[in-house]
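**Student:** Sharing a structure here in structure tokens format.
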Amino acid sequence: MKSIQLYRDVEITVKELKSNASDPHKHHFFELIYVLEGTGVHNINKNDYEFKKGDVFLLTPEDAHTFKGISSTKFCIIDFTKSFFSKSAGNRNEKMDVSEFFKRLEFIFHNHNNIKGSIALNADKVTFETLINQLISEKQNNQLFGEIITQNVVFLLLHLIARNIHHNISKDFIKQNPKSKIYEITAYIQQNIYDKELLKIETISSYFNKSPDHLNRYFKKQTGSTIKDYIIRYKLNLIQTRLKFSDLTISEIAYEMNFTDESHLNKVFKSVFCKTAKQFRKEEIVKLKNNM
7 MKSIQLYRDV
17 EITVKELKSN
27 ASDPHKHHFF
37 ELIYVLEGTG
47 VHNINKNDYE
57 FKKGDVFLLT
67 PEDAHTFKGI
77 SSTKFCIIDF
87 TKSFFSKSAG
97 NRNEKMDVSE
107 FFKRLEFIFH
117 NHNNIKGSIA
127 LNADKVTFET
137 LINQLISEKQ
147 NNQLFGEIIT
157 QNVVFLLLHL
167 IARNIHHNIS
177 KDFIKQNPKS
187 KIYEITAYIQ
197 QNIYDKELLK
207 IETISSYFNK
217 SPDHLNRYFK
227 KQTGSTIKDY
237 IIRYKLNLIQ
247 TRLKFSDLTI
257 SEIAYEMNFT
267 DESHLNKVFK
277 SVFCKTAKQF
287 RKEEIVKLKN
297 NM
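As structure tokens, this is what we get:
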């Protein structure tokens, strides 16, 4: 197994699995797996999914997984480290602001559970394979500008995954609910969660050609929640991710998520989860240590 680290944010590994199975394990952060060669079974959280060349899997820190190789298999594995979620001052001058890219892609990690098994890449399959091969080439040859090219290839891969997850979930939702606009509304909110102007009910209703009252009534009838409550809950989900996997201070998270200050964030957080953000982070650190 060989690996490289990209600005300490991403570790890329090409791994061959020749034995019948790998040991079940979890990861502390996120992992993207691309099947380069072979076939077999990928067991994720005790569910079996057959895999073949060209399949893509995205794993979260909570996922326990193992491979059962039916034939000799080879994978390209991309691990996202803790610093990928961070925006510390020490990193700003050394690299592109990865956290800004992550903001645009965050909904992947909060929607991918709707995808069972590998992620269907649809028309982007060939492009994805080309980019993976470019990634491996940069890793092996260590040429001039290789780091920045590798970084941008990783971002392109993530954007392709984001697009296809959005497409696949949207297609399934429309198939089951042909007249509903709820997925479009929630997708709009998720993709604009950091822009308070775009999250104003007047802006959202204008985007969907509805009056604010009509849109709110429609949304609540379909989901049982107001648009405002949905926005707050989604923000809190993102905050939980940052508390668990980043070294951002609670004050920095509050600023990033457009809360007035740390006290305001804690008040809202506690009203939903019955604990402060600081208490939540401490509990998650203990859980992480116990799972190591």
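If you read the sequence shown in my numbering, its first letter stands for residue 7, the second for the next number, and so on.
All residues carry an ideal CB built from backbone N, CA and C; glycine is no exception.
Which whole runs of the beta strand (DSSP E) in the region 146-219 are 3 residues long or more, in chain order?
**Tutor:** You should have found no qualifying run.
**Student:** For glutamate 37, which residues of its own chain have a beta-carbon under 6 Å away from its beta-carbon, when the five flanking residues on both sides are left out?
**Tutor:** Answer for glutamate 37: Leu65, Asp85, listed in chain order.
**Student:** Whose C-alpha, out of Ser77, Ile154, Phe115, Arg239, is nearest the C-alpha of arginine 169?
**Tutor:** Considering only alpha carbons, the answer is Phe115.
**Student:** Taking the beta carbon of lysine 227 as the centre, do at least 16 other beta carbons fall within 10 Å, making it buried, or is it exposed?
**Tutor:** Lysine 227 comes out exposed.
**Student:** Below 7 Å between beta carbons: does that hold for leucine 137 and leucine 162?
**Tutor:** Cβ atoms of leucine 137 and leucine 162: closer than 7 Å.
**Student:** Is valine 278 buried or exposed, if buried means 16 or more other CB atoms sit within 10 Å of its CB?
**Tutor:** Result: exposed.
**Student:** Inspect the beta-carbon positions of isoleucine 83 and glycine 46 and report whether they are closer than 7 Å.
**Tutor:** No, the pair does not count as a contact, with Cβ atoms beyond the cut-off.
**Student:** Using the Cβ count rule (16 or more neighbours within 10 Å means buried), how would you classify glutamine 157?
**Tutor:** Looking at its Cβ environment, which holds 16 or more other Cβ atoms inside 10 Å, glutamine 157 is buried.
**Student:** Rounded to whole angstroms, what's the CA-CA distance from asparagine 51 to alanine 70? Just pull it up for me.
**Tutor:** Distance between the alpha carbons of asparagine 51 and alanine 70: 5 Å.
**Student:** Work out the CA separation of serine 176 and threonine 19 for me, nearest whole Å.
**Tutor:** If I take the Cα positions, the gap works out to 32 Å.
**Student:** Would you report the Cα separation of leucine 294 and arginine 223, rounded to the nearest angstrom?
**Tutor:** C-alpha separation (whole angstroms): 41 Å.
**Student:** On the DSSP letters alone, give me the boundaries of the beta strand (DSSP E) that isoleucine 84 sits inside.
**Tutor:** It spans 79-86 - the beta strand (DSSP E) in which isoleucine 84 sits, taken as one unbroken run.
**Student:** Cutting at 8 Å between CB atoms, please list the residues of its own chain near leucine 271, excluding the five before and the five after it.
**Tutor:** Around leucine 271: Ile245, Ile256, Ile259, Ala260, Met263, Phe265, Ala283.
**Student:** Quick check: the Cα distance between valine 274 and asparagine 296, rounded to an integer number of angstroms?
**Tutor:** One C-alpha to the other measures close to 28 Å.
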